[in-house]
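In order, the protein sequences belong to chains R and Z.
Per the UniProt record's numbering, the first sequence starts with residue 1, numbered consecutively.
Per the UniProt record's numbering, the second sequence starts with residue 1, numbered consecutively.
Below you'll find the structure, written out as structure tokens, and then a few comments.
2 protein chains.
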Amino acid sequence: MPPDLNLRISPRTVQRETVDKLRLAIFSGLFQPGSRLVESQLCTQLGISRPSLREALRSLEAERLIEIVPNRGPSIPALSWEVATAIYEVRELLEVEAAGRCALRISPEQLRELEKSLSAFEEAASSNDSLAQVMTAADFYSIILANCGNPILEEVHRGLVARISFFRGRSMSLDGRAQSSLAEMREIFESIAAGDEKAARKASKQHVLKAKAAAKISMDSGL
Amino acid sequence: MPPDLNLRISPRTVQRETVDKLRLAIFSGLFQPGSRLVESQLCTQLGISRPSLREALRSLEAERLIEIVPNRGPSIPALSWEVATAIYEVRELLEVEAAGRCALRISPEQLRELEKSLSAFEEAASSNDSLAQVMTAADFYSIILANCGNPILEEVHRGLVARISFFRGRSMSLDGRAQSSLAEMREIFESIAAGDEKAARKASKQHVLKAKAAAKISMDSGL
DNA sequence: ATTGCAAGAATGTCAGACAATCGGCTTGAC
DNA sequence: GTCAAGCCGATTGTCTGACATTCTTGCAAT
Numbered sequence: 001m002p003p004d005l006n007l008r009i010s011p012r013t014v015q016r017e018t019v020d021k022l023r024l025a026i027f028s029g030l031f032q033p034g035s036r037l038v039e040s041q042l043c044t045q046l047g048i049s050r051p052s053l054r055e056a057l058r059s060l061e062a063e064r065l066i067e068i069v070p071n072r073g074p075s076i077p078a079l080s081w082e083v084a085t086a087i088y089e090v091r092e093l094l095e096v097e098a099a100g101r102c103a104l105r106i107s108p109e110q111l112r113e114l115e116k117s118l119s120a121f122e123e124a125a126s127s128n129d130s131l132a133q134v135m136t137a138a139d140f141y142s143i144i145l146a147n148c149g150n151p152i153l154e155e156v157h158r159g160l161v162a163r164i165s166f167f168r169g170r171s172m173s174l175d176g177r178a179q180s181s182l183a184e185m186r187e188i189f190e191s192i193a194a195g196d197e198k199a200a201r202k203a204s205k206q207h208v209l210k211a212k213a214a215a216k217i218s219m220d221s222g223l
Numbered sequence: 001m002p003p004d005l006n007l008r009i010s011p012r013t014v015q016r017e018t019v020d021k022l023r024l025a026i027f028s029g030l031f032q033p034g035s036r037l038v039e040s041q042l043c044t045q046l047g048i049s050r051p052s053l054r055e056a057l058r059s060l061e062a063e064r065l066i067e068i069v070p071n072r073g074p075s076i077p078a079l080s081w082e083v084a085t086a087i088y089e090v091r092e093l094l095e096v097e098a099a100g101r102c103a104l105r106i107s108p109e110q111l112r113e114l115e116k117s118l119s120a121f122e123e124a125a126s127s128n129d130s131l132a133q134v135m136t137a138a139d140f141y142s143i144i145l146a147n148c149g150n151p152i153l154e155e156v157h158r159g160l161v162a163r164i165s166f167f168r169g170r171s172m173s174l175d176g177r178a179q180s181s182l183a184e185m186r187e188i189f190e191s192i193a194a195g196d197e198k199a200a201r202k203a204s205k206q207h208v209l210k211a212k213a214a215a216k217i218s219m220d221s222g223l
């Protein structure tokens, strides 16, 4: 018997649909940081009842994608640079580890997937669609994290990256950032393809550091 | 103006009270892994309404402390050893980093707090109260994580440790585990007190590895 | 300008209801 | 006797409606 053939399908419930919709809305920057989310408005916009919405909001609160202050309701947190830095630092820790492990254990098949996602990002990088750039780049990391052999590493990473999605769109639109990002990602890919753990770690570390620097620039200039 | 004087008090809402109560109940092993949590029962036991309870459950679900399968309701997840291993590995990553940073930046005052918490654990280790042992040990880590200079590291770590609290109680009751744990923690403390980053990292790594080994033993023997 | 107050809006919480679904038990067929 | 089918109770998913509490905002008064 396969160890964990996840055969149980998950019926789509209103709650889950709502969480996904709102999460996506937050990612794409539909809500301004600091803006408040009024329950009654969201209910009519989403066409759902208040209890369902509130459950969804609690999920997002626990993911730290929104804040809920008692008697003031939910709002989009304004990410301070201090917190963003902390996130980038932990992200570095996780990604470096994941890239290193991935280099040692990725299957040829998954390696092809990784190459494909790199090509997808390459194409997006040539365009000016920063949302596509962020999405394809996220796919690239996803594959690495999914093949590092540690599901928790993947889970934690996803949670962190979600919280800085706001920055990533902005920093990707910096002049030349997409292209240099592509170069860094290619380096990571080559190292993993070569099975060179140390190189993969180093390249991964460089990539996060540069992404962090780009985020800082975009933040300083943008606000 | 101080940068972030957290002056806003958080009123206790039913939802938050419920989350805290249930979280504590899970920590102390009141619910067996795999057992289901029936909403109506919890409502009457806690004296709250279903909507409030369901909000609380969504929070706990996002924390991965419970699982909610659509149309089957919430249950305590049975932690596989595979996942537990993954958690210990990430925990190692985080704790090692935190201990290293902590050694470089902890204040004398906080260092005294750390020493105090070590003494508290020492006392608990002499007793047979495994819950007290887990609690005081958690305090010790908390102080380290709180002084590593990275709030995200702390946050992520807390989330992970919460999920293996089940193991910790069991492995602490292993013969001699509390005492050897004490020795390892003392080593961590000494390294931090000496401001020796490398030693702190090494000691911290050793401690997690031993904790993981103890958890495995207790799991193999206990089930 | 600052304070105090009052109206309006939004949230926290509850009660009750109903359809959809799941799990187990009974029944029936082979 | 075993296995399949089907029914029934239990539980969850979701909605509506309601009400007290709290926050916000604008206005009046000092």
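Where is the CB? At the ideal position from N, CA and C, for every residue including glycine.
Keep in mind the model is a prediction, meaning the values are calculated, not measured.
{"Asked": "For R105/Z, count neighbouring Cβ atoms within 10 angstroms of its own Cβ and tell me buried if that reaches 16, exposed if not.", "Found": "exposed"}
{"Asked": "Which whole-angstrom value describes the C-beta separation of L65/Z and R23/Z, a residue pair presumed to lie in contact below a C-beta threshold of 8 Å?", "Found": "6 Å"}
{"Asked": "Of all the alpha helix (DSSP H) runs that stay within the bounds of the region 143-202 of chain R, which reach a length of 4 or more residues?", "Found": "151-163, 165-172, 177-193"}
{"Asked": "Any contact between the region 50-64 of chain Z and the region 52-62 of chain R? By contact I mean 3 or more CB pairs, one from each, below 8 Å.", "Found": "yes"}
{"Asked": "How big is the Cα-Cα spacing for K216/Z and E95/R?", "Found": "27 Å"}
{"Asked": "Does the count of Cβ pairs from the region 156-173 of chain Z and the region 125-136 of chain Z closer than 8 Å reach three?", "Found": "yes"}
{"Asked": "Helix, strand or coil: how does DSSP classify R23/Z here?", "Found": "helix"}
{"Asked": "What are the start and end residues of the alpha helix (DSSP H) that includes I87/R?", "Found": "81-105"}
{"Asked": "State buried or exposed for P147/R, treating a residue as buried only when at least 16 other CB atoms are found within 10 Å of its CB.", "Found": "Reading the sequence as shown, one finds Asn at residue 147/R and not Pro. Classification for N147/R: buried."}
{"Asked": "For P70/Z, return the contacting residues in chain R, with the cut-off set at a CB-CB distance below 7 Å.", "Found": "S10, P11, T13"}
{"Asked": "Could one say the Cβ of R36/Z lies closer than 9 Å to chain R's Cβ atoms, at least one of them?", "Found": "no"}
{"Asked": "Hey, F121/Z and A137/Z are a contact pair by Cβ (cut 8 Å); roughly how many whole angstroms apart?", "Found": "5 Å"}
{"Asked": "Beta carbon of P70/R, beta carbon of S10/Z: below 9 Å?", "Found": "yes"}
{"Asked": "What would DSSP say about E122/R, mapped onto helix, strand or coil?", "Found": "helix"}
{"Asked": "Report the CB separation of C43/R from R50/R in whole angstroms; it is logged as a contact under 8 Å.", "Found": "6 Å"}
{"Asked": "Rounded to a whole number of angstroms, what is the C-alpha to C-alpha distance between V156/R and S40/Z?", "Found": "32 Å"}
{"Asked": "Please return the same chain residues whose Cβ sits closer than 7 Å to the Cβ of Q15/R, not counting the five positions on each side in sequence.", "Found": "S52, E55, A56"}
{"Asked": "Determine the extent of the beta strand (DSSP E) in which E67/R is found, giving its start and end residues.", "Found": "67-69"}
{"Asked": "Thinking C-beta only, is I26/R closer than 9 Å to S165/R?", "Found": "yes"}
{"Asked": "Roughly how far, in whole angstroms, is the beta-carbon of A84/Z from the beta-carbon of F31/Z, given that I think they are within contact range, below 8 Å?", "Found": "Rounded, the Cβ-Cβ distance is 18 Å, inconsistent with contact."}
{"Asked": "Could you tell me how far apart the beta carbons of A103/Z and S28/Z are, in whole angstroms, since I believe they sit closer than 8 Å?", "Found": "Going by Cβ atoms, the distance from A103/Z to S28/Z rounds to 33 Å, so no, they are not a contact pair."}
{"Asked": "Any idea what DSSP makes of S35/R, helix, strand or coil?", "Found": "coil"}
{"Asked": "Output, in chain order, the set of chain Z residues within a Cβ distance shorter than 7 Å of A62/R.", "Found": "S59, A62, E63"}
{"Asked": "Can you find a C-beta in chain Z that's less than 9 Å from the C-beta of D132/R?", "Found": "Reading off the sequence, residue 132/R comes out as Ala, not Asp. Output row for A132/R: interface = no."}
{"Asked": "Should R126/R be labelled buried (16 or more other beta-carbon atoms within 10 Å of its own) or exposed?", "Found": "Correcting the residue identity first, residue 126/R is Ser in this sequence and not Arg. S126/R comes out exposed."}
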